[in-house]
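Residue numbers (my numbering), protein chains in the order written: chain C, 1 to 292; chain F, 293 to 761. Every residue, glycine too, gets a C-beta built ideally from N, C-alpha and C. Take a look at the structure below.
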Amino acid sequence: MNDIPSNCPMIDSKTITARKIIDLAIEKIKNASINKTNLIWLEATGCAGNIISLLNAENPDVIYLLDQMVTLKYNNSLMAAEGEAAFQQFLDTLETEFILVVEGAVATKSDGLYTVIARYQGDLVTAMEAVKMAGGKAKYVVTVGTCASYGGPSAARPNPSQSVSVPQFLNQEVIRVPGCPSHPDWAIGTIANLIAFGMPELDAQSRPIIFYGITIHDRCTRRSYFNNGIFATKLGDPECMFKLGCRGPVTRTDCPVRQWNGYVNWPIEDNTPCIGCAQERFPDGMEPFVRY
Amino acid sequence: MGNKITINPITRISGFLEIQVEVEANKIIDAKSSGMLFRGFEKMLRGRPPLDAIYFTERICGICSTAHSMGSTLALEDILDIRPNENDKMIRDFMHGCEFVQNHLRHFYQYTFPDFVRGPEIQPLYNVTHNDYRLPEELNKELSRSYLASLEYSRLAHEMLAILGGKAPHTHGIFVGGVTVNLEAAKWIKVKSILASIKDFVAAQMIPDVYTIAEYYPDYFENGVGYKNIMTYGVFDTYVKEALFYVGPQVFINGELQNFDPEKITENIHRAWYEARQIEQSPTEPTVEENVYKEKAYSWIKAPRYEGYPMEVGPLARMCLSGDYTNGISTMDRTIARVLEVRKIIGIMEGLLERMEPKPPQQGRYAFSGEVRGRGLIDTTRGALGHWIATENEAIQNYEIITPSSWNLSPEDSEGVKGVVEKALIGTIIEDLKNPVEIGRIVRSFDPCVSCATHVLSDRYSPFQIRIV
């Protein structure tokens, strides 16, 4: 990294932005100092919301990601191929150097039959098997979204599909990029870091510090209301959401400074509490989402 | 005994779906639609605080989370017996409209297009296994540029939703009592200008593109017909002004239009991986227990029926019932109706924008007491969505959801009646058994969402893939 780290994480995260990493990654690819890496984006037990969120990326958008940064070999939502031919592409990629991205948890109940992603030579392939197959061979494993990272909504009590997180299921190093969904900049920024600079600096839960280093509360646009003890009494109010159950104080993401969807808004600016969707115990440990 | 063809995964849909057909002399004589994913949201919802259902049920589906926030919010408002004021309701309906526009753009270009148009030369958008691409090279190039251009507009549709709802997917701004956004002129004009740019793209590209495809694939007006029984719960139907009104709840069975009666909805678990005391239940009855090893079952999706009939739901059903589309029912009609519906919805959204005023939302503090039941029925992007909630004081006692994709993708019921997609496949002629492109095209015309159908899996013992005997 070119920047000299200061002692202030807030300054660091402003200067070392995803954008900057991506620009540097692109430059390196253009200078042919790195090759385009193969990537598998595997949907497991979840809602496919993270690939949908990824498609909302801009600068770079998803076409730039696919055209200039990585070679996406397998994704259920986007690939033109279908049936066994589609899954064959998954298998072929396992014999190459690739990054594995998983979204969705790993359903383990009844031998994984609660999530079947393909049928190959007559046999069902469960998400559980696919994660295991690819996890062992991947250069890096990245979990995008809270289900893959921590279990998330898929593992919510009583966890009918006995879903577990990917790090819990695979006994290896996994980079967590949580969020429900994950912000496209968090996902693409992490991938850019991997292809251009290798492993990003991670926190104790293996999250890239550039995105997950500081709590929402620390940078909240409504922090002065909190400091002055002025609290919203219902959704739709313009003040601090703390007394309505806001999870900003325990949630580590850069939502307040990054914002969402063209960087136009984020939940607290929409007069609702943060529900801690990027945190380990979401959703069970974050309820009630709204406290009246 | 004919040849069996199995396609799994059916890619370019949300979630995991297996389609298995039996073919005799190139004709499909039997079909099975199997959902392959089960998470069990209804079980998870029990015991949770009722208001949390809004953000919780959004997590059922990354594609149509706004639909679930609408269904759950309406059901909770039914329980609390409150209605949003007119301004907040218009903003909320506008937000729901954003999802229609976003979903239809994504489905048409990213999911349907690769069936008919050779994609841009970017992996894995390009790799295909069949050769039934009929567009002349130049025209194909032009349309493949639309594929890329469309991404900007579907992204912008989500941006509108985020301006009003905080973020997308899994937006925060739709809530009991209306919305949470404080609409002011800057937000209003931002949304208005985005909508104008999407409208231009739809008129200049999307509508011509679908008619180009229709011209080169006219045989798709002949297949994928199904039962011709269609249903809508209604959407944008609380306005008197004609410019804002779309379609009210109604059903069309055996050629006759009928009033819609929610009491006639049942769910049948004969071929689904569930056990229950009764094979057929009303959605207000307690949820069933799953059993993935159940004999002769082949899907996680239950079979919803209306008076015993499997009903097709979605854009084509709505556009037919509203009188906006009269050409017929088939694979291609379904796709055209979806595209034309974008124009229809944008028109309604413009009307809503004209009438909404910049003022703070009217929110309250809500409390739940006693044992109460409520339901929220509304048409969403993929069709009729129902949320049924029973609350006991401050906890959810029971929750049942019937999604549009459950209506369309259901398995056979205990009367031997096939589901809608199954019926639409049966009778189809497959030109080239080694490349049965017809199956994926017909199935995708329904815009399946298996993530949503929450209760979905496959026939564990049947032969794999395309096995031609």
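- Look at the region 144–164 of chain C: the residues with a C-beta under 7 angstroms from a C-beta of chain F are P153, S154, A156, R157, P158, P160, S161.
- Shown in chain order are the members of the region 62–95 of chain C whose Cβ falls below 8 angstroms from a Cβ of chain F: V62, I63, L66, D67, T71, L72, K73, Y74, N75, N76, S77, L78, M79, A80, A81, E82, G83, E84, A85, A86, F87, Q89.
- Assigned with DSSP and collapsed to three states, W592(F) falls in coil, not helix or strand.
- Chain-ordered listing is empty here: chain C has no CB closer than 9 angstroms to the CB of E548(F), the nearest sitting near 38 angstroms.
- The alpha-carbon separation between P416(F) and E476(F) amounts to approximately 42 angstroms.
- DSSP places N432(F) in the uninterrupted alpha helix (DSSP H) bounded by 429–457.
- For D270(C), the chain F residues whose Cβ falls inside 7 angstroms of its Cβ are G457, G458, H464, G465, T472, V473, in order along the chain.
- Contact annotation: in the region 225–239 of chain C, residues whose CB is within less than 8 angstroms of a CB in chain F are T233, K234, L235, G236, D237, P238.
- Among the residues of chain C, none has a CB under 8 angstroms from the CB of G662(F); the nearest is roughly 17 angstroms distant.
- In this structure the region 179–189 of chain C does not lie against the region 221–239 of chain C, because fewer than three pairs of beta carbons, one per stretch, are closer than 8 angstroms.
- If you check the CB distance, R398(F) and S446(F) come in under 8 angstroms.
- Taking 7 angstroms as the Cβ-Cβ cut-off, the region 722–742 of chain F approaches chain C at G732, given in chain order.
- Judged by pairs of C-beta atoms under 8 angstroms, the region 464–472 of chain F touches the region 375–391 of chain F, as three or more such pairs exist.
- With a cutoff of 8 angstroms on beta-carbon distance, A745(F) and S697(F) are scored as near each other.
- Apart from the 5 residues on each side of it in sequence, K324(F) sits with its Cβ closer than 6 angstroms to the Cβ of Q312, Y590 in its chain, given in chain order.
- Rounded to the nearest whole angstrom, the CA to CA distance from G666(F) to T190(C) is 44 angstroms.
- A682(F) is bridged by DSSP to R665(F), N690(F).
- Residues of the same chain with a CB within less than 8 angstroms of the CB of A138(C), apart from the 5 flanking positions on each side, are I40, F98, I99, L100 in chain order.
- At least one C-beta of chain C is nearer than 8 angstroms to the C-beta of S357(F).
- Distance from the CA of A80(C) to the CA of R674(F), rounded to the nearest whole angstrom, comes to 22 angstroms.
- Annotation note: the region 587–664 of chain F contains the following uninterrupted alpha helix (DSSP H) runs of length 4 or greater, listed N- to C-terminal: 607–613, 623–647.
- DSSP places I52(C) in the helix class (H, G or I) of the three-state scheme.
- By the Cβ rule, the region 421–436 of chain F does not count as touching the region 451–468 of chain F, because fewer than three pairs are nearer than 8 angstroms.
- In its chain, beyond the 5 residues on either side, V580, E582 have a beta carbon closer than 6 angstroms to the beta carbon of Y566(F).
- Under the 8 angstroms criterion on CB atoms, T303(F) is classed as interfacial with respect to chain C.
- Against chain C, the beta carbon of G516(F) has no neighbour under 8 angstroms; the closest one sits roughly 17 angstroms away.
- Any Cβ of chain C closer than 8 angstroms to the Cβ of Y445(F) would place that residue at the interface, and such an atom is absent.
- N193(C) sits in a helix when the DSSP states are folded into three classes.
- For N318(F), no pairing in a beta bridge is given by DSSP.
- Taking each of P728(F), N300(F), N318(F), F552(F) in turn and checking the Cα distance to G294(F), the smallest one comes out for N318(F).
- Considering only beta carbons, the part of the region 323–349 of chain F lying closer than 7 angstroms to chain C consists of M328, L329, F330, R331, G332, K335, M336, R340, P341, L343, D344, Y347, F348, in chain order.
- What N56(C) touches in chain F, judged by beta-carbon distance under 7 angstroms, is R447, H450, going in chain order.
- When C-beta distances to chain C are compared with 7 angstroms, the residues of the region 400–420 of chain F below that value are Q402, P406, G411, I414, Q415, P416, L417, Y418, N419, V420, in chain order.
- For the region 584–609 of chain F, the set of residues with a beta-carbon nearer than 7 angstroms to any beta-carbon of chain C comprises V584, in chain order.
- By DSSP's assignment, K20(C) forms no beta bridge with any residue.
- Under the three-state reduction of DSSP output, L78(C) falls in the coil class, being neither helix nor strand.
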